[in-house]
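Trainee: Going by our numbering, the first residue of the sequence shown is number 90, and it counts up by one from there.
By construction, the Cβ of each residue, glycine as well, lies at the ideal position given by its N, Cα and C atoms.
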Amino acid sequence: MEKTYLEKIEESAKFLRTKVSDIPQIGIILGTGLGDLINYIENSQAIDYKDIPNFPVSTVEGHSGRLIFGTLGGKRVMAMQGRFHYYEGYDMKQVTFPVRVMQNLKVKTLFVSNAAGGMNKEFQVGDVMVITDHINLFPENPLRGKNFEELGPRFPAMTEAYSHKLISLADRIAEEKEMRLMHGVYVGTPGPTFETPAEYEYFRIIGGDAVGMSTVPEVIVANHAGMEVFGVSVITDLGGKDIKEVPTHEEVQKAALKAQPNMTALITEMLKRI
């Protein structure tokens, strides 16, 4: 008999409990080119996705596919090195499955990062943008279908999808470190195509500052689960009718690497203070 969704979550969480003695309450999802943060995690223990029951396996270049447990900024964390994308062919339940497992493991705070194209005219390639809100343009919501009350309410509020408290903390740290830190609204799209110039303009007109192909599904599920969320984008390319450059996956990774020192410093310092 096929296992139910809740049984799959429980089985994955149970497996991780047998492998890791001290389960953290802080989760981190690392996006394209941002895996460098892993090198700063002390006393780390890595578990491949393929070894975790029911876990999907990442297929994207630049996404390693491991769960890392250890200490960062003096706090116990579990970090996803490589995430799952809707454009890979996964359904939304699979894309967000790791967040459900984190919920079962009692994770209370989730840090999410991604690479994004910028349409805010103030942005530069390599900027770090704190996500203040998002616009969901995915064709499917991860909460569609039967709602399990033990996971969260049928109609969760998204009024503060990204924690104001954590955003304020990031701003204080950026000011102290004299770090250029932008704010903006992230537009989530299904991908895998990069945007047309007209689409960039459209996203800017509807209130977006950056656009990407991830994050929104995980953040919706994290909010449904009652987690506090902090999101950050690395601006890896700029788009719009006045921009002539053609973005490539390699350039996106290169720009993400450029932003890594700021990203690492910001998240590590935030962990020290929460």
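Going by C-alpha distance, which of M359, G159, I98 is nearest E265?
Mentor: Closest in C-alpha terms to E265, from the list M359, G159, I98, comes M359.
Trainee: What does T198 pair with, by DSSP beta-bridge criteria?
Mentor: I115, E317
Trainee: Taking 8 Å as the threshold, find out whether the segment 223-235 comes into contact with the segment 338-355 through three or more Cβ pairs.
Mentor: no
Trainee: Going by beta-carbon coordinates alone, are A250 and V318 separated by less than 9 Å?
Mentor: yes
Trainee: Determine which residues share a DSSP beta bridge with D326 and list them.
Mentor: G206
Trainee: Starting from the C-beta of M185, find all residues in its chain whose C-beta is less than 7 Å away, skip the five residues before and the five after it, and write them out in chain order.
Mentor: Residue identity check: residue 185 is Thr in the sequence provided, not Met. For T185, same chain residues with a beta-carbon under 7 Å away, outside a window of 5 residues either side, are P231, P306, E307, V310 in chain order.
Trainee: Buried or exposed: which applies to L126, given that a residue is buried once 16 or more other Cβ atoms fall within 10 Å of its Cβ?
Mentor: Result: buried.
Trainee: Tell whether a beta-carbon distance below 9 Å holds between V190 and L105.
Mentor: yes
Trainee: Tell me, to the nearest whole angstrom, how far the beta carbon of M271 is from that of M316; I am working on the premise that it is less than 8 Å.
Mentor: Rounded to whole angstroms, the Cβ separation of M271 and M316 is 24 Å, and the two are not in contact under 8 Å.
Trainee: Measure the alpha-carbon distance for I379 versus T107 and round it to whole angstroms.
Mentor: Nothing in the structure corresponds to residue 379, since the chain is present only between 90 and 363.
Trainee: Give the single residue among G159, D140, D326 whose Cα lies nearest to the Cα of E131.
Mentor: G159
Trainee: Express the C-alpha separation of H338 and G154 in angstroms, rounding to a whole number.
Mentor: About 18 Å.
Trainee: Look up N312 in the DSSP assignment and say whether it is helix, strand or coil.
Mentor: helix
Trainee: Ignore the nearest five residues each way along the sequence and tell me which others in A263's own chain have a CB closer than 8 Å to its CB.
Mentor: Closer than 8 Å at the Cβ level, and outside the excluded window around A263, lie R269, L270, L355.
Trainee: State the Cα-Cα distance for the pair G234 and E267, rounded to the nearest angstrom.
Mentor: For G234 and E267, the distance between alpha carbons rounds to 46 Å.
Trainee: Do you know how far the Cα of L327 is from the Cα of P228?
Mentor: Cα-Cα distance, rounded: 24 Å.
Trainee: Put M169 into one of helix, strand or coil per three-state DSSP.
Mentor: strand
Trainee: Indicate the three-state DSSP secondary structure (helix, strand or coil) for N225 in the structure shown.
Mentor: strand
Trainee: Just how far apart, CA to CA, sit V196 and N351?
Mentor: 25 Å
Trainee: Using three-state DSSP, classify G178 as helix, strand or coil.
Mentor: Note: G178 maps to coil in three-state DSSP.
Trainee: So F158 is in the beta strand (DSSP E); what residue range does that whole segment cover?
Mentor: 155-161
Trainee: Taking the alpha carbon of E177 as the reference point, which residue from A299, I141, P113, P279 has its own alpha carbon closest?
Mentor: The option with the nearest alpha carbon to E177 is P279.
Trainee: Quick check: is any heavy atom of the ligand FMN less than 8 Å from the C-beta of N236?
Mentor: You won't find the ligand FMN in this model; it holds no ligand whatsoever.
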